[in-house]
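Student: Each residue of the sequence shown is one higher than the last, beginning at 99 in the working numbering.
Note that beta-carbon positions come from the ideal geometry of N, C-alpha and C, so glycine has one too.
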Amino acid sequence: MAELMIETNGVQLCTEPFGDPADPSILLVMGVGGSMLWWEEGFCRMLADGGRFVIRYDHRDTGRSVTYEPGHPGYTGADLVADAVHVLDAYEIPGAHVVGVSAGGAFAQLLALGFSERVRSLVLISTSPAKSVGRSLPPATERYHEFQASADVDWSDRASVVEYLIGSARMLAGCERPFDEAAVRELVRRDVERARNIASSENHGLLAEGDVPSAPLSSIRAPTLVIHGAADPMFPLEHGQALADEIPGAGLLTLPGAGHGVDRADWTTIARAVLAHTAA
99 MAELMIETNG VQLCTEPFGD PADPSILLVM GVGGSMLWWE EGFCRMLADG GRFVIRYDHR
159 DTGRSVTYEP GHPGYTGADL VADAVHVLDA YEIPGAHVVG VSAGGAFAQL LALGFSERVR
219 SLVLISTSPA KSVGRSLPPA TERYHEFQAS ADVDWSDRAS VVEYLIGSAR MLAGCERPFD
279 EAAVRELVRR DVERARNIAS SENHGLLAEG DVPSAPLSSI RAPTLVIHGA ADPMFPLEHG
339 QALADEIPGA GLLTLPGAGH GVDRADWTTI ARAVLAHTAA
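#1: Specify the secondary structure class of residue 377 as computed by DSSP and reduced to three states.
#2: With three or more beta-carbon pairs closer than 8 Å as the criterion, would you say the segment 261-268 touches the segment 361-368?
#3: Going by beta carbon distance, what residues of the same chain come within less than 6 Å of residue 106, once the five residues before and after it are set aside?
#4: Any idea which residues DSSP pairs residue 123 with across the strands?
#5: Going by Cα to Cα distance, which pick from 270, 157, 152 is closest to residue 300?
#6: I need the boundaries of the alpha helix (DSSP H) containing residue 245, first residue and last residue.
#7: Alpha helix (DSSP H) containing residue 351: first to last residue?
#8: Give the range of the beta strand (DSSP E) segment to which residue 194 is assigned.
#9: Quick check: the Cα distance between residue 355 and residue 172, rounded to an integer number of angstroms?
#10: If we count Cβ pairs, one from each stretch, closer than 8 Å, do we get three or more for the segment 234-241 versus the segment 195-215?
#11: Can you tell me whether residue 117 is buried or exposed? The criterion is at least 16 other CB atoms within 10 Å of its CB, across all chains shown.
#12: In this structure, what does DSSP give as the bridge partners for residue 103?
#13: Quick one: what does DSSP say residue 292 is sitting in, helix, strand or coil?
#14: As a quick exercise: from 204, 150, 140, 190, pick the residue whose alpha carbon is nearest that of residue 222.
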């Protein structure tokens, strides 16, 4: 199917569906700074071929969705959570299985707390608790901090942005597996070329939290599966374990050697787990 622009409260969001609308719906929520392209088409089609109606979408300030001046986002994190509901409304979907990666997993948790009637189940990938869980969790790895401290990017220079995003992807992939630079370079190139203003994606790092639910994660009732890479440099595995412990009845799938995100090497494993989790 083709991309579909939706508009809600004057905000334009770019979406793309896969599969049969009569099938159970899965809403894919990307992390900060990432357009829907990072839910790669091959992965989306795996889910659609398994009998799911899959929707991916560009957050504000990514891809072809509404863009704000770099350094001046006109919205909050809570607005990004509400945008997920607006996507469901545009497709006339009363409730969906919600799959979030990285900060998209945090948005998914807040969605389940604030809009529980819209969330049939949760799959939380490479993420961390969106609310306090009463325990100390390890920080990002030294490799992660070294990259953040040394990275140099000129957001007005497309080539500089491409190299920066490839370097970031290499770091997030961890150091226990080969890094497929050719595939990532092609994905990054398409992402940068497609964006209205790639520099605006940095606005996500400036967002205020906004009005988010006060309820604890232990009040989530949506069936939950946590999927976490054992070599995640941003959120070490303890973050996924804490989530699984905090949300009643949640399961934990650990991906040996995997870093942060949805690596092509794990597509089959993750897709099978998502399809099994959303089968009920």
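Tutor: So, to answer that:
#1: Collapsing the DSSP output to three states places residue 377 in coil.
#2: With a cut-off of 8 Å on Cβ pairs, the segment 261-268 is not in contact with the segment 361-368, counting fewer than three such pairs.
#3: 184, listed in sequence order.
#4: Paired residues: 151.
#5: When only C-alpha atoms are compared, the closest one is 157.
#6: Taken as a continuous stretch (DSSP letters only), the alpha helix (DSSP H) holding residue 245 covers 240-248.
#7: It is not in any alpha helix (DSSP H) - residue 351 instead sits in the beta strand (DSSP E) that spans 349-353.
#8: 194-199 is the extent of the beta strand (DSSP E) around residue 194.
#9: Those two C-alpha atoms are separated by around 39 Å.
#10: Using a C-beta cut-off of 8 Å, the segment 234-241 makes no contact with the segment 195-215, since fewer than three inter-stretch Cβ pairs fall below that distance.
#11: When all chains shown are included, residue 117 counts as buried.
#12: According to DSSP, which records beta bridges pairwise, residue 103 is partnered with 112.
#13: Residue state, collapsed to three classes: helix.
#14: Checking every option, the nearest Cα to that of residue 222 belongs to 204.
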